[in-house]
Structures are given as structure tokens and as C-alpha cells.
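Step one of this worksheet: look at the structure below.
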DNA sequence: GGCCGCATACTCGGATACTGGGTGTCCGAGTGCGTTCGG
DNA sequence: CCGAACGCACTCGGACACCCAGTATCCGAGTATGCGGCC
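Chains as they are written, first to last, in the numbering used here: chain A, 1 to 159; chain B, 1001 to 1159.
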């Protein structure tokens, strides 16, 4: 099980966007995070499709969060990048082979699928409980309250 | 995020093995589950390397669980197949770019990495709480107590 | 001086190559059983 | 009749192709800005 690398970039980008009222171009986010600009842009498109960020074209265009950072969960971002499909997909092994279970007895999911789904729910719940605002606050705390101010200052500068 | 297909086969195989005292060849497990024999064998090798099953060669060889099914968690099986590496790997974005955090301030993991690790822990805990014996019991309950008996009967038959 | 139109530079968005891990398969090495031969 | 040696069939184990999703990149479409010209 491997999570796309873009998830990390998207989460950092959302935290950064939470510090700016004005649109921030993808190229600028890429510069700040030290990532390939074109590839980061691809993931930002996914965030846009998911309705997490709003994009504006033109000379002073860029990306802005569509709603307050406290209303965007880490789960929202992860699902936007990685998709909503669960990690475990039951292929209905029980309905194959010499001991195949007839279809009419497969109303409820396989017990193994239920266990895996419960684990996925626990994972999702943990991510749903964390918001972008929480992440920004914690990053700030890790740096004794200077990190987010530095980001705001850098975003305001002409680069 | 996508979980290897072999995880499903491995879990079903372990449940099946929990119903047999005698070694069960990979080909027989593949026949019961309707899976490609060679590919299933590959995953059983992983279970063997992880110490979950013991393999015996020779004419009446096959695979046997190394310990009671109640002492094998779903997490053990998943990790044997999928590896122990966490889904989210922090690439230390904070240490790159114009606002790079100096190394001496990176003693603790990034707040984002901590959040993702917490989610992974929740996922792992949910799987660790389920044993192969639990799964066998639930599958039996789903079938009104006939499934495991059918498996035992089929394994005992000469096929 | 104010307003309108246009060229411009910048932005996003999707379409296009490349690569690594998962998928699937095969054959060789090794082992325990059954048979057979000798005592 | 009993024991040991042999052959065998069956098993696992690792090494070898194939394919899709993630990785990375580029160029075209569209838009808000700023300037210049006109009234």
C-alpha cells in the first residue's frame, strides 16, 4: 500500500494557501516547496476538481481555498488526490471455486471485507478529525510561532 | 492508495489453513479460491518468510499455520504481503525551498507526517484487533455454521 | 480628463511520454514417501 | 519376514516477462491587467 507522493504536496500547499487571502500561482507554491512545478500543478487541478480550491486565470490569478481552513479536513485533501476508492477491494473469492457461495447468500459483504472496511473507516475518521487549520497551528507551534508568519511574509514579497 | 490483491488471497488462505491440521499445498488453496496457482504461491512464500505459515516439501507437503489462528492478526498477514512501510512517507518538504527549516529544528517529525502516522496507527490497530480465528468464526456465522465444516470436508477429500 | 478597445503577459487545464511496482508465469532444487531388493 | 537403499512424484523457492498506475513534462486555451488611442 503506497500513498501517492502528491498527497504530501497537496497538504503542504493547502496549509500554505490558508495563510493567503490572495490567489497564489502554482509556480510559486512549487518554488516554496521545492517541487516540480508542472507536476504540482497537476495535483492542484485535482484539488480544484474536488472543490477544495478555486482557481482564477489571468495575470494575478492562482489558487485560493474555497472555504475556511478549519472546514477542510485532511481526509478531504487525501481523497481529492488519491481518489475515494477504498484500499481493499473484495473480489468475492467466496463466490468462486468448488465451495462457491450462491449469490442469494451474499447479501452482506464478506467478513474479511467487513474487517478491512472497518480499518479503513478508522483511518478515514482519524484524518477527518484533522483540519488544515489544525495542521497550520501545529506547524506553527513546532517553530515557536514563526513558521506561518514567515510564509505570509514570503507570499507577500514579490519573489 | 491501493492494497495488493494478494492480501485478500492471503487472508482467505489463512482462514482455510486454520481448518486443517495437515499441510495444504498451494495448488489446492488456489483451486479452492479460484486463483492463479503460481501467483498465489508467490504470496504464500511471503507468508512463509514472515513466519506466519510453515512450508514442508515432499509428496504430502504444503503449508501449515505456525501458531493458533487466534494468535495471528489480520495485521500480521497484511504486513507480510504488503510490507511494513507506512503508506505515507514524509519527504521533508519543510527542509527544502526558500523557507527551509534548519536540520537542528527537525528533531520531531513534521506535523503533517504526525497526522498521517496517527491515521495509519488507527488503521493498524483496527487490523491488529482482528484475528484469523475471528474471521473464520464470522464467516461461519454468515453461513449458519456450515462454511468451515464444508472447508474441512473438502480439504479431507482427495479432490 | 474620462472611457473604450486592444495587445500582452500571465494563469490554468488537459493531452502526451516515461518509469517502477504489482501481476502473472515458468522451471529448477529439494524432500518425504512408496517400492523394491537383499539379507 | 525385516531393513535399507533407491527411484519417484510431488512440493516449495526464486528467477523471468508483462502491464497498469503513478511520475514527470509540455504546450495550447482563456482571462484580467495595463497601456494607448479616441472622444
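Ideal Cβ placement from N, Cα and C applies to all residues, glycine included.
CB residue i to CB residue j, shorter than 8 Å?
i, j, result
"residue 112 of chain A", "residue 1034 of chain B", "no"
"residue 15 of chain A", "residue 82 of chain A", "no"
"residue 132 of chain A", "residue 18 of chain A", "yes"
"residue 1154 of chain B", "residue 98 of chain A", "yes"
"residue 38 of chain A", "residue 63 of chain A", "no"
"residue 3 of chain A", "residue 1001 of chain B", "yes"
"residue 73 of chain A", "residue 128 of chain A", "yes"
"residue 44 of chain A", "residue 13 of chain A", "yes"
Quick check on the burial criterion: 16 or more other C-beta atoms within 10 angstroms. Buried or exposed for residue i?
i, result
"residue 1080 of chain B", "buried"
"residue 22 of chain A", "exposed"
"residue 60 of chain A", "exposed"
"residue 142 of chain A", "buried"
"residue 1157 of chain B", "exposed"
"residue 58 of chain A", "exposed"
"residue 145 of chain A", "exposed"
"residue 162 of chain A", "Any answer about residue 162 of chain A is impossible in this case: the structure gives chain A only from 1 up to 159."
"residue 1030 of chain B", "buried"
Based on the DSSP secondary-structure assignment, which residues constitute the bridge partners of residue i?
i, result
"residue 979 of chain B", "Only positions 1001 to 1159 of chain B appear in the structure, and residue 979 of chain B is not among them; the question remains open."
"residue 54 of chain A", "A/64"
"residue 1024 of chain B", "B/1063"
Touching by the beta-carbon criterion (3+ pairs, under 8 Å), the stretch 78-88 of chain A and the stretch 106-118 of chain A: yes
What residues from the stretch 1069-1096 of chain B come within 9 Å of chain A, judged by C-beta to C-beta, listed N to C? 1074, 1075, 1078, 1082, 1083, 1085, 1086, 1087, 1088, 1089, 1090, 1091, 1093, 1094, 1095, 1096
Please identify, using Cβ separations under 7 Å, the residues of the stretch 17-38 of chain A that lie next to chain B, in order along the chain. 31, 32, 33, 34
Residues of the stretch 1044-1055 of chain B with a CB closer than 9 Å to any CB of chain A: list them in chain order, please. none
If contact means a Cβ-Cβ distance below 9 Å, which residues of the stretch 1003-1016 of chain B contact chain A? 1003, 1004, 1005, 1007, 1008, 1009, 1011, 1012, 1015
Counting beta carbon pairs with one atom in the stretch 1061-1080 of chain B and one in the stretch 1123-1140 of chain B, are three or more of them shorter than 8 Å? yes
Between the stretch 1067-1076 of chain B and the stretch 1098-1105 of chain B, can you find at least three pairs of beta-carbon atoms closer than 8 Å? no
Kindly confirm or deny that the stretch 1051-1059 of chain B and the stretch 134-152 of chain A touch, where touching means at least three C-beta pairs closer than 8 Å. no
Taking Cβ-Cβ distances below 9 Å as the criterion, which residues of the stretch 107-125 of chain A are in contact with chain B? 108, 110, 111, 112, 113, 114, 115, 116, 118, 119, 120, 121, 122, 123, 124, 125
Where the stretch 128-139 of chain A meets chain B: residues whose CB sits under 7 Å from a CB there: 130, 135, 138, 139
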